[in-house]
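First the structure, in the form of structure tokens, and then the observations on it.
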Amino acid sequence: MTARLWGIVTDSFWKILAPGLVVTLPLTALSFALAMVIAVAVALIQFAQLPLLRPAARFYIWIIRGTPLLIQLFIIFYGLGQVGILLPPFTAAVAALAINEGAYCAETVRAALESVPAGQLEAGACAGLTWLQTARHIILPQAMRTAFPSLSNSLISMLKDTSLVANITVAEMFMAGQKIVSRTYEPLVIYLEVALVYLLFSTVLTKLQRAGERRLNVYDYR
Amino acid sequence: MLTVEQVEKSFRGTPVLRGVSLEVARGDVVAILGPSGAGKTTLLRCLALLERAEGGTLRLGDTLCHLPTASGREAVALRRRMGFVFQSYDLFRNKTALQNVTLGLTVARRMPRAQAEEIGLAMLDKVGLLDRRDAYPSQLSGGQQQRVAIAPQPEILYFDEPTSALDPELTGEVLGVMRRLAEEGRTMLVVTHELGFARNVANRVVFMEEGRVVEEAPAQTFFSHPREERSRAFLQQTLEEQGKES
Ligand SMILES: Nc1ncnc2c1ncn2[C@@H]1O[C@H](COP(=O)(O)OP(=O)(O)OP(=O)(O)O)[C@@H](O)[C@H]1O
Ligand SMILES: [Mg+2]
Numbered sequence: 001m002t003a004r005l006w007g008i009v010t011d012s013f014w015k016i017l018a019p020g021l022v023v024t025l026p027l028t029a030l031s032f033a034l035a036m037v038i039a040v041a042v043a044l045i046q047f048a049q050l051p052l053l054r055p056a057a058r059f060y061i062w063i064i065r066g067t068p069l070l071i072q073l074f075i076i077f078y079g080l081g082q083v084g085i086l087l088p089p090f091t092a093a094v095a096a097l098a099i100n101e102g103a104y105c106a107e108t109v110r111a112a113l114e115s116v117p118a119g120q121l122e123a124g125a126c127a128g129l130t131w132l133q134t135a136r137h138i139i140l141p142q143a144m145r146t147a148f149p150s151l152s153n154s155l156i157s158m159l160k161d162t163s164l165v166a167n168i169t170v171a172e173m174f175m176a177g178q179k180i181v182s183r184t185y186e187p188l189v190i191y192l193e194v195a196l197v198y199l200l201f202s203t204v205l206t207k208l209q210r211a212g213e214r215r216l217n218v219y220d221y222r
Numbered sequence: 001m002l003t004v005e006q007v008e009k010s011f012r013g014t015p016v017l018r019g020v021s022l023e024v025a026r027g028d029v030v031a032i033l034g035p036s037g038a039g040k041t042t043l044l045r046c047l048a049l050l051e052r053a054e055g056g057t058l059r060l061g062d063t064l065c066h067l068p069t070a071s072g073r074e075a076v077a078l079r080r081r082m083g084f085v086f087q088s089y090d091l092f093r094n095k096t097a098l099q100n101v102t103l104g105l106t107v108a109r110r111m112p113r114a115q116a117e118e119i120g121l122a123m124l125d126k127v128g129l130l131d132r133r134d135a136y137p138s139q140l141s142g143g144q145q146q147r148v149a150i151a152p153q154p155e156i157l158y159f160d161e162p163t164s165a166l167d168p169e170l171t172g173e174v175l176g177v178m179r180r181l182a183e184e185g186r187t188m189l190v191v192t193h194e195l196g197f198a199r200n201v202a203n204r205v206v207f208m209e210e211g212r213v214v215e216e217a218p219a220q221t222f223f224s225h226p227r228e229e230r231s232r233a234f235l236q237q238t239l240e241e242q243g244k245e246s
């Protein structure tokens, strides 16, 4: 590697890592937290078989899973702007990512809720708990434990999907990379560098997943 | 203390309970006997409002409940006064033994945790499981799980064949705990196929067949002088079977 190239690489590393730390990671954390709230609510609505809300939940999942995330981003940022709902880019990004990921995670959580044996619901009733109390203290914790590996998977995949929000002018890692490339004309090393930082982040998340699974295994049941 | 009248229940048009009435006085241990399919489990599930009966009333203390129309709120209030030990031990799998016995207090009754734990520890001590307080159900034997299920102390305890899924050597420990509770004067309604338990621990026997109560009698009388032909046939057959096993 020439000295010039090496200089670009070391120079740009911080320029890529910094937006990763202050934009990509908070964006991922915030969007995923909201996605989890949506997912649990939408899954519980279906699990409880609530008459009017259940079809609404199915409709939401159908629409979101059937359309590309990039187009959802554009509709929320550019499309809504046209009808007077002007969202800042970061807010629009959080909204689109949360709504999108929420639909996928809702299915994961619903499947996990349904995998909890029916006897656990009855055990809750027998202990004098209401349906909601049973759901909160008994069914959801068991379901979340079952869903944990696939939800972690979704989180890691969402981390990488945040690169799409460069398209709605959010200055995250990928956009930082693009800027450097347009200045240096070194797409190969710069994009490899961007990829490396993503890899770094997702490796940390994978480690956290392992640790989380170990902690959840305390009540190891079959 | 518990009065049940004219409970009716059918599954897809097939009647399973055809007007079952029974009474349990405070401190009574009532054994429900009967052949497989008699409707014993269904009766207990209707009395727990886990299954909706099509007819019948239940009076617990001074609370009267019309089973077919009971609201969710009524059902929850009633269940908080009852305890259940079913064939397969359904403890909360994500809770320790201690949490299993205190959850009904902390969540359902909103009791402060410290107070609930004190009560819970006393309950576990009573069934001989104090040293297993922090074990999860998966770390307990079947007999120990049943004893955790027995530990809370409601007004009346329902049992549905609590030992039938257990290995013979574990059956004894569960029956032992039940016997001790009976001696303490706890009120119990016990579906069982353990004739020995019914004879020695129960003070009254209800014999059911095809969704009806065929005979109701003091335990000693039922075993020594069964009144009905069907009771005699059942006793004879069951004793023969249990004789063969041992
Ligand atoms: N959920 C159900 N759906 C349809 N039929 C049922 C259901 N539960 C019970 N039954 C039927 O009701 C009848 C009574 O069943 P139940 O389980 O109450 O009998 P049991 O006296 O408890 O028998 P066992 O001694 O074998 O436990 C049986 O014929 C059974 O097939
Ligand atoms: Mg039964």
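Protein sequence lines correspond, in order, to chains R and B. For the first sequence, this note's numbering gives the first residue as 1, with consecutive numbering after it. For the second sequence, this note's numbering gives the first residue as 1, with consecutive numbering after it. No residue lacks a Cβ here, since even glycine has one placed at the ideal position from N, Cα and C.
Tell me whether the beta-carbon of residue i lies closer than 9 Å to the beta-carbon of residue j.
i	j	result
residue 92 (chain B)	residue 103 (chain B)	yes
residue 101 (chain R)	residue 31 (chain R)	yes
residue 49 (chain B)	residue 74 (chain B)	yes
residue 4 (chain B)	residue 42 (chain B)	no
residue 140 (chain R)	residue 121 (chain R)	no
residue 228 (chain B)	residue 215 (chain B)	yes
residue 201 (chain B)	residue 21 (chain B)	no
residue 68 (chain B)	residue 52 (chain B)	yes
residue 90 (chain R)	residue 188 (chain R)	no
residue 155 (chain R)	residue 198 (chain R)	no
residue 150 (chain B)	residue 107 (chain B)	no
residue 219 (chain B)	residue 204 (chain B)	yes
residue 175 (chain B)	residue 157 (chain B)	no
residue 108 (chain R)	residue 147 (chain R)	yes
residue 69 (chain R)	residue 77 (chain R)	no
residue 29 (chain R)	residue 152 (chain B)	no
residue 207 (chain B)	residue 230 (chain B)	yes
Can you grab the Cα-Cα spacing for the pair residue i / residue j, in whole Å?
i	j	result
residue 23 (chain B)	residue 10 (chain B)	22 Å
residue 122 (chain B)	residue 124 (chain R)	22 Å
residue 83 (chain B)	residue 153 (chain R)	41 Å
residue 222 (chain R)	residue 215 (chain R)	Interpretation of residue 222 (chain R) is limited by its pLDDT of 47, a score under 50 that renders its predicted location unreliable; the figure taken from the coordinates is listed afterwards. Distance between the alpha carbons of residue 222 (chain R) and residue 215 (chain R) is about 16 Å.
residue 45 (chain B)	residue 131 (chain R)	17 Å
residue 135 (chain B)	residue 116 (chain R)	20 Å
residue 128 (chain B)	residue 184 (chain B)	16 Å
residue 48 (chain R)	residue 25 (chain B)	38 Å
residue 64 (chain B)	residue 70 (chain B)	10 Å
residue 194 (chain R)	residue 16 (chain R)	7 Å
residue 5 (chain R)	residue 204 (chain R)	28 Å
Helix, strand or coil for residue i? Go by DSSP, reduced to three states.
i	result
residue 159 (chain B)	strand
residue 40 (chain B)	helix
residue 23 (chain B)	strand
residue 209 (chain B)	strand
residue 222 (chain R)	Summary for residue 222 (chain R): the model assigns pLDDT 47, below 50, so the residue's position carries little reliability, and this model does not support an answer.
residue 9 (chain B)	strand
residue 69 (chain B)	helix
residue 216 (chain B)	strand
residue 31 (chain B)	strand
residue 175 (chain R)	helix
residue 201 (chain B)	coil
residue 32 (chain R)	helix
residue 84 (chain B)	strand
residue 15 (chain B)	strand
residue 184 (chain R)	helix
residue 128 (chain B)	coil
residue 186 (chain B)	coil
residue 64 (chain B)	strand
When every heavy atom of ligand 3 is checked, does at least one fall within less than 8 Å of the C-beta of residue i?
i	result
residue 137 (chain R)	Only ligand 1 and ligand 2 can be found as ligands here, which leaves ligand 3 out of the picture.
Which same chain residues end up closer than 6 Å to residue i when comparing Cβ atoms and leaving out the 5 residues on each side of it in sequence?
i	result
residue 166 (chain B)	142 and 143
residue 87 (chain B)	160, 161, 164 and 165
residue 111 (chain B)	105
residue 133 (chain B)	97, 98 and 124
residue 35 (chain R)	98, 101, 102 and 105
residue 143 (chain R)	112, 113 and 116
residue 190 (chain B)	31 and 159
residue 188 (chain B)	29 and 157
residue 7 (chain B)	17, 20, 46, 53 and 56
residue 178 (chain B)	none
Within its chain, find whatever has a CB closer than 8 Å to the CB of residue i; leave out the 5 residues flanking it on each side and keep chain order.
i	result
residue 166 (chain R)	172, 174, 175 and 178
Less than 7 Å between C-beta atoms, sequence neighbours within five positions excluded: which residues of the same chain meet that for residue i?
i	result
residue 239 (chain B)	195
residue 19 (chain R)	171, 172, 173 and 176
- If you pair each beta-carbon of the stretch 106–121 of chain B with each one of the stretch 58–68 of chain B, do three or more pairs fall below 8 Å? Short answer: they don't touch.
- Query: With contact counted as at least three CB pairs below 8 Å, one residue from each stretch, are the stretch 34–45 of chain R and the stretch 56–63 of chain R in contact?
  - Reply: Contact holds: three or more Cβ-Cβ distances are below 8 Å.
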